[in-house]
Amino acid sequence: MDLSRRTLLAAAGTAGAVAATAPGARARARTPDRGGHGQGGGRVRTGFDRLAADGYARLAGRRVGVVTNPTGVTQDVRHIVDVMHADPRVRVVAVFGPEHGFRGTAQAGGSEGTSKDPATGLPVHDTYGKSGKALADVFAASGVDTVVFDIQDVGARFYTYIWTLYDCMVAAALAGKRFLVLDRPNPLSGRAASGPVLERPQASGIGREPIAQAHGMTVAELALLFNGEFVARAAGRRVDLETVRMTGWRRGDLFDATGLPWVPPSPNMPTPRTALAYAGTCLFEGTNLSEGRGTTRPFELLGAEGIDRRWAERVNALGLPGVRFREAYFVPVFSKFEGRTAGGVQLHVHDPRAFDPVRTGIALLVTAKQVWRGFAWRSDHWIDKLTGSPRVRTMIDAGASADEVVADWQDGLAAFRRTRERYLRYR
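FYI, the numbering for the sequence shown is 37 to 463, going by the working numbering.
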């Protein structure tokens, strides 16, 4: 009798899926879903849940490589790579790590490099900073024929994982590999897209293609949009794409409604509320103010030396929906103003459904410049990469109000919303 580690782990790793693979459950997993809540009290079943419940039928006979990070977990917070590696029904031969790494040990702008995973013995290939032919060569050398993507996104264009998705799709098309995306919720909900749309001259690793700042899509929906609109332009052909949708998720659902465990997708994204603020306040990365890195409330605390209560008073006077601002003081332990006292504001979102993170971020930039004489953009104009064009920066410098800045991008946003509509898969 074979008592190998893989066999023993398979018994434990698949036990939780036994009930889900009963005939009735399997039939439900194969039923196309437009996002209505079914059995399970509103709990969401992710793309991986459905893949496993179907006995990994979509991966039968395949040599699989998985693009993932610590967010690729099951309902009981086991990592999907550990689960699949232990299951004889699927053959995982490689893992591909994005920014912060497969196991999540690196800070912003870093990765774990190429190594062997100590838990599974699988080779882990570093994808961060790679694209096009260089990444296609990594896929070719790894020996995989199918690339599986499963990473929790946060709903903002400048969060790098959706561009890891895009780069991997382009590379898979170049290398002739099949591509499978396992869906997870957008923590901001799937409400209408908002914010400026990227202009191609500003394309970078935080925005490859023209989508809105808060795109309002799931990763599977984005994959369909990328393949339909952009991949062939970069690779000469579309990728052989399949998506596995969730069940139980509706477009209006915030993350707290899903019943899923939240695993920080990166070191400075500790909670779903962080993600809600990030879609707007990450714009402060393009300024000399702290965006709260090095505190327990990144992207909810903003400030700099020399700012006082006047900022909170000024932005509260705008009556922005769903949010209030508290005068706050903090000492970051790393990043901007490390070890020094910064004054500024803390966001308190009291109505997440009314809250518009992008409009709020613009209002905060406008009022910060009004009340603090020390306000400055980063010298490399990183704000243009974050917003997708120079227009936000130049309009604020010219004295435009938040409403005037927001009005300026509406035509481009309306065009993106029309394109986006074709790729939505949930109600």
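Beta carbons are placed, not taken as given, at the ideal position from N, Cα and C, and that holds for glycine. Keep in mind that this is a model prediction, so the values were computed, not measured.
Quick one: using the 10 Å Cβ neighbour count with 16 as the cut-off for buried, is residue 279 buried or exposed? By the neighbour-count definition (other C-beta atoms within 10 Å, threshold 16), residue 279 is a buried residue.
Own chain, CB closer than 6 Å to residue 200, minus 5 neighbours either side, in chain order: Counting only residues of its own chain and dropping the five nearest sequence neighbours on each side, residue 200 has a CB closer than 6 Å to the CB of 134.
Name the DSSP bridge partner or partners of residue 413? 323.
Is the Cβ-Cβ distance between residue 381 and residue 408 less than 8 Å? The answer is no: Cβ separation not under 8 Å.
Any beta strand (DSSP E) of 3 or more consecutive residues that is wholly inside the region 72-159: For the region 72-159, whole beta strand (DSSP E) runs of length 3 or above, ordered along the chain, are 99-104 and 127-133.
Please tell me whether residue 193 and residue 251 are closer than 8 Å, where the distance is taken between their beta carbons. Yes, Cβ-Cβ distance for residue 193 and residue 251 is below 8 Å.
Round the Cβ separation of residue 171 and residue 459 to the nearest angstrom and send it over; I've been treating them as touching at under 8 Å. In fact, because the Cβ distance is near 23 Å, the residues do not count as touching under 8 Å.
Please list the segments of the alpha helix (DSSP H) lying wholly inside the region 225-281, counting only runs of 4 or more residues, in order along the chain. Runs found: 255-265 and 267-271.
Within 8 Å of any Cβ in chain D, is that where the Cβ of residue 123 sits? In the structure shown, chain D does not exist; there is a single protein chain.
According to the neighbour-count rule (16 or more other Cβ atoms, all chains shown, within 10 Å of its Cβ), is residue 375 buried or exposed? So residue 375 ends up on the exposed side.
Where do the ends of the beta strand (DSSP E) carrying residue 365 lie? It spans 359-366 - the beta strand (DSSP E) in which residue 365 sits, taken as one unbroken run.
What distance in whole Å lies between the Cβ atoms of residue 386 and residue 359, which are believed to be in contact at a cut-off of 8 Å? Between residue 386 and residue 359 the Cβ distance is about 7 Å, and since that is below 8 Å, they are a contact.
Residue 447, enclosing beta strand (DSSP E) - first and last residue: Unbroken run through residue 447 is the alpha helix (DSSP H), 446-457; no beta strand (DSSP E).
For residue 254 and residue 423, I'd like the C-alpha separation in whole angstroms. Here the alpha carbons of residue 423 and residue 254 stand approximately 20 Å from one another.
Thinking residue 452 and residue 270 are a contact (beta carbons under 8 Å), I'd like their distance in whole angstroms, please. Actually they do not touch by this definition, with Cβ atoms about 19 Å apart.
From this set, 417, 262, 230 and 377, which residue's C-alpha is nearest residue 320's C-alpha? That would be 417, whose Cα lies nearest to the Cα of residue 320.
Alpha carbon of residue 368 to alpha carbon of residue 427, nearest angstrom: Straight-line measurement puts the Cα of residue 427 at about 31 Å from the Cα of residue 368.
Between the alpha carbons of residue 129 and residue 96, how many angstroms are there, rounded? Distance between the alpha carbons of residue 129 and residue 96 is about 14 Å.
Start and end of the beta strand (DSSP E) containing residue 464? Nothing in the structure corresponds to residue 464, since the chain is present only between 37 and 463.
Report the option in 186, 205, 356 and 212 whose CA atom is closest to the CA atom of residue 179. Looking only at 186, 205, 356 and 212, the smallest Cα-Cα distance to residue 179 is reached by 212.
Could you have a look at residue 182 and say whether DSSP puts it in helix, strand or coil? Of the three classes helix, strand and coil, the one that applies to residue 182 here is strand, per DSSP.
Closest by CA to residue 184, which one among 168, 177 and 126? Ranking the options by Cα distance to residue 184, first place goes to 126.
Residue 207 in three-state terms, based on DSSP: If DSSP states are grouped into helix, strand and coil, residue 207 belongs with the helices.
Exposure of residue 161, with buried meaning 16 or more beta-carbon neighbours within 10 Å: Around the CB of residue 161, 16 or more other CB atoms lie within 10 Å, so the residue is classed as buried.
Boundaries of the beta strand (DSSP E) in which residue 216 is found, first to last residue: Judged by DSSP secondary structure, residue 216 falls within the beta strand (DSSP E) whose first and last residues are 214-218.
With distance defined between alpha-carbon atoms, name the residue in 327, 353, 302 and 132 nearest to residue 366. Residue 327 is the option with its Cα nearest to residue 366.
When DSSP labels each residue in this structure, what does residue 433 get in the three-state scheme? Three-state result, residue 433: helix.
Helix, strand or coil: how does DSSP classify residue 403 here? Here residue 403 sits in helix by DSSP.
Output the boundary residues of the beta strand (DSSP E) element that contains residue 293. The continuous stretches of beta strand (DSSP E) do not include residue 293, and DSSP gives it neither H nor E.
Please state the DSSP three-state secondary structure of residue 463. DSSP, reduced to helix, strand and coil, places residue 463 outside both helices and strands of the structure shown, so it counts as coil.
So, are the CB atoms of residue 216 and residue 81 less than 8 Å apart? Taking 8 Å as the Cβ cut-off, residue 216 and residue 81 do not qualify as a contacting pair.
Anyone know if the C-beta pair for residue 449 and residue 190 falls short of 8 Å? By the CB criterion at 8 Å, residue 449 and residue 190 fall outside the cutoff.
In angstroms with no decimal places, state the Cα-to-Cα distance between residue 203 and residue 267. Answer to the nearest angstrom: the Cα atoms are 9 Å apart.
Quick check on this structure: which residue in 436, 282 and 111 has the alpha carbon closest to the alpha carbon of residue 461? Checking every option, the nearest Cα to that of residue 461 belongs to 282.
Using only alpha-carbon positions, find the residue among 197, 287 and 404 that is nearest to residue 323. Measuring from the Cα of residue 323, the nearest candidate turns out to be 404.
How is residue 169 classed by DSSP in three states: helix, strand or coil? Of the three classes helix, strand and coil, the one that applies to residue 169 here is helix, per DSSP.
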